[in-house]
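This report concerns only the one structure given below.
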């Protein structure tokens, strides 16, 4: 009988095989060969310098150099073959299950594919991914979509719905000595143009876009005092441009950081006051849904919300603000959430609690939040260990080992049973 | 020709001498520390027992005492910048807000372009714990046919699952906490427990012992800016002396012991 564990082992073995190809003895031999050729050529050059280069020497050297290069080129190991494969479908008991992936800095295609495969195999139909403007429009009007194409292609092949978070300002669109999160009102049209270009290119493939990230934190607003009205001006520029490019696009606003910062704090402004500030500045016509960050910290998912408490159900307080301003017909998308299980961080919980709370949060949203479309937990996997508490948010290690929380969610969504059944057939 | 080469050799030597004469050692944070008499220490005080605020509002912990001892041996006073978020610790070094970061900091190879680390002063990796008197277990490879207790979902659990795929028969006993995993060993319900080093030290280990070497390694060290080599050398010398004279052991005994 082939079990889920066996299937996982097989995939892991394939993965490890692919990785070891990069460091095979053959490759090391090629490296050594190349090095010896270079040393040889340098020696010849040294000779030629001392005794002045002669046409005869060049005649001797150049054909051999060309031959050596040709031989080395033809002997190079083949690149890892990545086949997109037939379209897959996510089967899950809870269609709200999602994760925030971190493929922005993932270079190798097979790792992007493997990550998204594992998301599907966990029973999560949604991913949230960050697409930095600065990466993809390095000069005004010059776009480099290769990486986005790759991520979107593989996500689509796995049957995943992609929510794109767009932010990070290229150097050309902001003053010197400012950070990636700084954008003057003069730059809003340029940002809107980029979002529109993105929306048009990926129409039908990526139909959800988050405008900016956590604008209620100073460091996410270019280290300036936060300003809900200015953020609404940004939405006012982006919304019509995105909809003109893709009439089906869902523009998500907010993605506010859950924080208790009081008005006037240099660090930021609490999310409830900030959202009110957005509505007072006329935000309502310029977004289709609210993106919410719903971290649980040390509280279980069902813990009651309160304005002076940060927990998972703080989302309901944001919802109340939406209703207060007559905007309750719009959905909420939880685009970041989760618990951390670092052994010593005071804001962390025990690993077993993290598992129970995570599944509890998915289930709470399914049963109690009819206005919620997705709960995307931070973060599925990092390309490399971060060597700090952030590593304790992940579901899968950087080398694709599923953590127990991954297996528990897989069981919750019915994926582990499905895998066992298909193995038995 | 010989004269020319002699002259150029002499010219070269003259240029080198001139260069050496004009070269001055690059500024080092150690100079500033000794000049001002203050060692500025960055930390995120939310990681007990390394650094945290106690019930009376005092900054306490292993790293706090370690920083005080290093400052004393340098002949200066420590000044703590303890309200930094973990994500901002390295930025505080870059911005020269602090001279050192002592904050249960992992040695991160990806940071070494800008920062250097002292010799590690603690290893927080996973350890195997077994009952005193148990024979035949020197490491994970010896657990074939045996039972290992782990804290469910922890890094030890992930490691044990990896070993379960390598060994013919390893039974994993999941527990709710590291304490419970260790209690299973003490009660004879598991042959060993795989828990993080600190959890092992902070749990009553009566009748239990830690198997050497550690199963995984997560060294904690002090970080300084890459250019502050002399400060790093001074810190490394002090750490070596603290190791030799038993100060580090005393600090560990003070902070990493089981609650009574």
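Residue numbers (the numbering used here), protein chains in the order written: chain R, 1 to 425; chain D, 1001 to 1260. Every residue gets a Cβ at the ideal spot worked out from N, C-alpha and C, and that includes glycine.
#1: Only counting the same chain, and skipping five residues up and downstream in sequence, which positions put a Cβ closer than 7 Å to that of residue 176 (chain R)?
#2: Report the residues of the stretch 1155-1176 of chain D with a CB closer than 7 Å to any CB of chain R, ordered along the chain.
#3: Check residue 1149 (chain D) in the structure and name its three-state DSSP category.
#4: Report yes or no: is there a C-beta of chain D within less than 7 Å of the C-beta of residue 403 (chain R)?
#5: To which residues of the same chain is residue 95 (chain R) closer than 7 Å at the C-beta, ignoring the five residues directly before and after it?
#6: Assign residue 270 (chain R) to one of three DSSP states: helix, strand, or coil.
#7: Rounded C-beta distance between residue 1037 (chain D) and residue 1076 (chain D)? I'm assuming under 8 Å.
#8: Only counting the same chain, and skipping five residues up and downstream in sequence, which positions put a Cβ closer than 8 Å to that of residue 90 (chain R)?
#9: Going by beta carbon distance, what residues of the same chain come within less than 6 Å of residue 397 (chain R), once the five residues before and after it are set aside?
#10: Is the separation between the beta-carbon of residue 99 (chain R) and that of residue 376 (chain R) shorter than 7 Å?
#11: Hey, how far is the Cα of residue 1126 (chain D) from the Cα of residue 154 (chain R)?
#12: Specify the secondary structure class of residue 1255 (chain D) as computed by DSSP and reduced to three states.
#13: Tell whether a beta-carbon distance below 7 Å holds between residue 199 (chain R) and residue 242 (chain R).
#14: Are the stretch 329-347 of chain R and the stretch 372-391 of chain R in contact at 8 Å, needing three or more beta carbon pairs?
#15: Between the stretch 331-343 of chain R and chain D, which residues of the former have CB atoms less than 8 Å from a CB of the latter, in chain order?
#16: Listed from N- to C-terminal order along the chain, which residues in the stretch 146-177 of chain R have their beta-carbon within a distance smaller than 7 Å of any beta-carbon of chain D?
#17: Classify residue 23 (chain R) as helix, strand or coil using the three-state DSSP reduction.
#18: Near residue 313 (chain R), what residues of its chain come up, given a Cβ to Cβ distance below 6 Å and the 5 sequence neighbours on each side ignored?
#19: Reducing DSSP to helix, strand and coil, say where residue 100 (chain R) ends up.
#20: Is the Cβ of residue 1046 (chain D) closer than 7 Å to any Cβ of chain R?
#21: Cβ closer than 9 Å: which chain D residues qualify as neighbours of residue 371 (chain R)?
#22: Identify the continuous alpha helix (DSSP H) that holds residue 1226 (chain D) and give its terminal residues.
#23: How many Å lie between residue 405 (chain R) and residue 382 (chain R) at the Cα?
#24: Tell me the DSSP secondary structure of residue 207 (chain R) in three-state form.
#25: Using a Cβ-Cβ distance under 7 Å, would residue 1117 (chain D) count as near chain R?
#26: If you follow the beta strand (DSSP E) that residue 171 (chain R) is in, where does it begin and where does it stop?
#27: With the cut-off set at 7 Å, would you say residue 303 (chain R) and residue 311 (chain R) are in Cβ contact?
#28: Quick one: complete beta strand (DSSP E) runs, 3+ long, within the stretch 1083-1147 of chain D?
#29: Taking Cβ to Cβ, would you say residue 257 (chain R) is nearer than 7 Å to residue 297 (chain R)?
#30: The ligand ZN and residue 1252 (chain D): does any heavy atom of the ligand fall closer than 6 Å to the residue's C-beta?
#31: In angstroms, rounded to a whole number, what distance separates the CA positions of residue 185 (chain R) and residue 363 (chain R)?
#32: Using the three-state DSSP reduction, which class does residue 130 (chain R) fall into: helix, strand or coil?
#33: Check the Cβ-Cβ distances between residue 387 (chain R) and every residue of chain D, and say whether any is below 7 Å.
#34: Between the alpha carbons of residue 1074 (chain D) and residue 1034 (chain D), how many angstroms are there, rounded?
#35: Nearest to residue 1225 (chain D) by alpha carbon, out of D:1083, D:1105, D:1117?
#36: Counting only C-beta atoms, is residue 1256 (chain D) closer than 7 Å to chain R at any point?
This is what the structure gives:
#1: none
#2: 1157, 1158, 1162, 1165, 1176
#3: strand
#4: yes
#5: 125
#6: coil
#7: 5 Å
#8: Counting only Cβ-Cβ distances below 8 Å, and skipping sequence neighbours, we find 120, 123, 124, 125, 158, 159, 160.
#9: none
#10: Cβ distance < 7 Å, so residue 99 (chain R) and residue 376 (chain R) count as in contact.
#11: Straight across, the Cα-Cα distance linking residue 1126 (chain D) with residue 154 (chain R) is about 36 Å.
#12: helix
#13: Taking C-beta atoms as the reference points, residue 199 (chain R) and residue 242 (chain R) count as a pair closer than 7 Å.
#14: yes
#15: Taking 8 Å as the Cβ-Cβ cut-off, the stretch 331-343 of chain R approaches chain D at 341, 343, given in chain order.
#16: Taking 7 Å as the Cβ-Cβ cut-off against chain D, none of the residues of the stretch 146-177 of chain R qualify.
#17: With a pLDDT of only 43 at residue 23 (chain R), under the threshold of 50, the placement of this residue in the model should not be trusted; the figure read from the coordinates follows. If DSSP states are grouped into helix, strand and coil, residue 23 (chain R) belongs with coil.
#18: 305
#19: Shown here, residue 100 (chain R) sits in a strand according to DSSP, grouped into three states.
#20: yes
#21: None at all; the shortest Cβ gap to chain D is about 31 Å.
#22: From DSSP, residue 1226 (chain D) is part of no alpha helix (DSSP H); its letter is neither H nor E.
#23: 15 Å
#24: coil
#25: no
#26: First-last for residue 171 (chain R): undefined, no H or E at that position.
#27: yes
#28: 1100-1106, 1115-1117, 1126-1131
#29: Cβ atoms of residue 257 (chain R) and residue 297 (chain R): not closer than 7 Å.
#30: In the structure on display, the ligand ZN does not appear, and there are no ligands present to speak of.
#31: 41 Å
#32: strand
#33: Yes, residue 387 (chain R) counts as interfacial toward chain D.
#34: 8 Å
#35: D:1117
#36: By this cut-off, residue 1256 (chain D) is not an interface position.
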